[in-house]
Amino acid sequence: MVAQGVSIYLQLDNQTPLQELFMFQNQPITLIGSPPSPYTRKMTALLRYRRIAHSTIWGDPSAVLTEMGIAKPKVALLPTFILPNEVGEMQAICDSTPIIRRLEAEHKGRSVLPDDPAMAFIDYLLEDFADEWCTKYMFHYRWHKEVDADNAGTLLPLFQKVNLTEEALAKFKPYITDRQVGRLHVVGSN
Ligand SMILES: N[C@@H](CCC(=O)N[C@@H](CS)C(=O)NCC(=O)O)C(=O)O
């Protein structure tokens, strides 16, 4: 059976209780993510490659978890996964690297981790390098040049809600652009 990914676009003003949506999906793994988030892309690519059934809620993890009545992780990052804990209760967890290892243990086939311990170490090193450093190049090329920052500043709010009003976009665009451009020096873009 080929598992399929399902996307749910979160409407912030939607009256449908998210807990209901969540219960309907039954088996697939739920994650909360955002299209421009590199870690979300990493994990959706992994789930697609491994053919693990999943359902992505595109939205803000804190808002979605509050709506679902699930406790937030200490730091609610993108993506946030909702997986059962040891006693079967749904729990929100973050951090792609250990989640990949957990999924290896729980889902057979199309493994992404080498069996050979030496190769597995190199794989781990490359993953860690990509996680820690490639995101810095991405951030630099997205926000350093004015023309790119202008493009990203328009797209990011629309990825949260594609039918934002012109008025709302005019408010969120400078907010998100200033926030991200203001972080360039923190990620080492200079
Ligand atoms: N170590 C985490 C990192 C996740 C992460 O940093 N995600 C970014 C977005 S791609 C985030 O949520 N940043 C918080 C923010 O932008 O406020 C992982 O591997 O999943």
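This note's numbering numbers the first residue of the sequence shown as 1090 and each following residue consecutively.
We put the CB at the ideal spot given by N, CA and C, even for glycine.
Keep in mind that this is a model prediction, so the values were computed, not measured.
Distance between Arg1191 and Glu1256, taken at the CA atoms: about 43 Å. Residue side-chain check: Pro1173 keeps its Cβ at 7 Å or more from all non-hydrogen atoms of ligand 1. Placement of the Cβ of Cys1183 at a distance of less than 7 Å from at least one heavy atom of ligand 1 is found. For the options Lys1262, Thr1266 and Gln1116, the alpha carbon positioned closest to that of Ala1142 is the one of Gln1116.
In the displayed model, Leu1172 falls within a strand according to three-state DSSP. Annotated three-state conformation of Gly1242 is helix, per DSSP. Between Gly1158 and Ile1121, the CB-CB gap reaches or exceeds 8 Å. If you check the CB distance, Leu1245 and Pro1125 come in under 8 Å. The C-beta of Phe1210 has fewer than 16 other C-beta atoms within 10 Å across all chains shown, which makes the residue exposed. Remark: C-beta atoms of Ala1181 and Ala1152 do not approach each other more closely than 8 Å. Rounded to the nearest whole angstrom, the CA to CA distance from Ile1171 to Asn1240 is 32 Å.
For His1229, the enclosing alpha helix (DSSP H) begins and ends at Thr1224 to Trp1232. The region 1264 to 1279 and the region 1218 to 1229 touch, with three or more beta-carbon pairs separated by less than 8 Å. Between Lys1262 and Thr1243, the C-beta gap is smaller than 8 Å, which places the two residues in contact. Asn1252 and Ser1200 have their C-alpha atoms some 38 Å from each other.
Here Ile1118 carries a strand assignment [DSSP, helix/strand/coil]. Inclusion of Asp1212 and Leu1202 in the CB contact set at 8 Å is warranted, their separation being smaller than that value. The Cβ-Cβ distance between Asp1220 and Thr1186 falls below 8 Å. The Cβ neighbour count for Arg1231, taken over all protein chains shown within 10 Å, is at least 16; the residue is labelled buried.
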